[in-house]
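For the record, in the sequence shown the residue sitting at position 98 is 98 according to UniProt numbering, with numbers rising by one throughout.
Each residue gets a CB set at the ideal place from its N, CA and C atoms; glycine is no exception.
Values in this document were obtained by computation on a predicted structure and should not be read as measured data.
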Amino acid sequence: MTDPVSDQDSTRQPTDQELRNVRIPSERARVINIMTLAFLVADAIILGLAVWFFADGNEFIAYLLLGYVLLSIAFVFWFRKMQTRRAKLLTWEQDPLNRTL
């Protein structure tokens, strides 16, 4: 009887389709969600500051903060995507039996 996970299989990189089917352990998913939430809370605070500066008449500072928030929101989506991929790769490497096809 052969081993379901050979040495050659454990060293290759998974395809995107294979990664799509890997389940992330709940503790890793929880950490990703908490970090994403922290970034979004910081963005909300900075957005509030931008509104306050705009109402106070400092439009230049308000526009700078608004630009930062818009770039930061794009970063949050990218960050979440990359962290999810990283967690799936770690799961792929550490738990070969979790590879469902």
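Expected contact under 8 Å - CB spacing of residue i and residue j to nearest Å
{"i": "residue 76", "j": "residue 40", "result": "6 Å"}
{"i": "residue 34", "j": "residue 87", "result": "So it is not a contact: roughly 13 Å between Cβ atoms."}
Whole-angstrom distance between residue j and residue i, CA atom to CA atom
{"i": "residue 38", "j": "residue 14", "result": "30 Å"}
{"i": "residue 18", "j": "residue 30", "result": "22 Å"}
{"i": "residue 89", "j": "residue 22", "result": "9 Å"}
{"i": "residue 36", "j": "residue 57", "result": "32 Å"}
{"i": "residue 42", "j": "residue 61", "result": "17 Å"}
{"i": "residue 84", "j": "residue 46", "result": "26 Å"}
{"i": "residue 72", "j": "residue 52", "result": "19 Å"}
{"i": "residue 28", "j": "residue 78", "result": "17 Å"}
{"i": "residue 93", "j": "residue 16", "result": "15 Å"}
{"i": "residue 91", "j": "residue 24", "result": "7 Å"}
{"i": "residue 3", "j": "residue 82", "result": "Per-residue confidence for residue 3 stands at a pLDDT of 48, beneath the threshold of 50, marking its modelled position as unreliable; the derived number appears in the next sentence. Taking the straight line joining both Cα atoms gives about 32 Å."}
Assigned exposure category for residue i - 16 Cβ within 10 Å defines buried
{"i": "residue 74", "result": "exposed"}
{"i": "residue 65", "result": "buried"}
{"i": "residue 50", "result": "buried"}
Residue range of the alpha helix (DSSP H) that includes residue i
{"i": "residue 17", "result": "16-20"}
* Please go through the segment 9-96 and give each complete alpha helix (DSSP H) segment of 4 or more residues, from N-terminal end onward. => 16-20, 26-56 and 59-94
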